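Just below is one structure, and these are the notes that go with it.
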């Protein structure tokens, strides 16, 4: 059994894949973004985001840009802070772990240092389908600022170094069996149950 790291731009299906892997193989989901989301749950951030939404800014855009800003602040203080914190939190679950939000080269290299056996799966989804999924989930596609952020640009470089590229451009009933079969053969995992389809928002 090996930890699985999921990479890909917004709307490529990382969170959906993580839920399916967790449900089928009993993996624990640990997100790099957990400290970021905890920060955004504080009253000061909630008040500011609600004010922007009240002024007419798209809620999905507000949340994504806020996550990017707070994430940048963590990385400015310590480039490896989010990865180090995740590995510490996941100690009791490793190696039965799936991480659904690897986006930067520095994150990938740090994981490889701490978890040399980890497998990187790149979620590849056509842009038109990603935008449709984001519109359904967030009510809007990525704004220009959010789309140009380095977490959306640099993540594409990870495709070249992935242990496997998962083509997630079709319905879950077609794409999930491929991911399940690869995980069984490559990561040495045995399904606890067979999941035919899991629906929900993609990321």
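Residue numbers (this note's numbering): 3 to 205.
No residue lacks a Cβ here, since even glycine has one placed at the ideal position from N, Cα and C.
All figures in this text were calculated on a predicted structure; none of them were measured in a lab.
The beta strand (DSSP E) with residue i in it runs from where to where?
| i | result |
| --- | --- |
| residue 1 | The question about residue 1 has no answer here: the residues shown for the chain are numbered 3 through 205. |
| residue 123 | 121-126 |
| residue 166 | 166-169 |
According to DSSP, is residue i helix, strand or coil?
| i | result |
| --- | --- |
| residue 200 | Residue placement at residue 200 cannot be trusted, given a pLDDT of 43 that sits under 50; the coordinates are not used to answer. |
| residue 102 | strand |
| residue 84 | helix |
| residue 49 | helix |
| residue 107 | helix |
| residue 30 | strand |
Excluding the 5 residues flanking residue i on each side, which residues of the same chain have their C-beta closer than 7 Å to its C-beta?
| i | result |
| --- | --- |
| residue 191 | 3, 27 and 185 |
Looking only at its chain, what residues have a beta carbon closer than 6 Å to the beta carbon of residue i, apart from the 5 residues adjacent to it on each side?
| i | result |
| --- | --- |
| residue 196 | Reliability of the predicted coordinates at residue 196 is poor, the pLDDT of 46 falling under 50, and no value is obtained from them. |
| residue 35 | 103 |
Taking the alpha helix (DSSP H) that residue i falls in, what are its first and last residues?
| i | result |
| --- | --- |
| residue 136 | 129-140 |
| residue 74 | 61-79 |
| residue 36 | 36-42 |
| residue 175 | 174-188 |
| residue 155 | 152-155 |
Rounded to the nearest angstrom, how far is the Cβ of residue i from that of residue j, given a contact under 8 Å?
| i | j | result |
| --- | --- | --- |
| residue 10 | residue 126 | 7 Å |
Can you check whether the C-beta of residue i is within less than 8 Å of a C-beta belonging to chain B?
| i | result |
| --- | --- |
| residue 41 | The structure shown has no chain B; it contains just one protein chain. |
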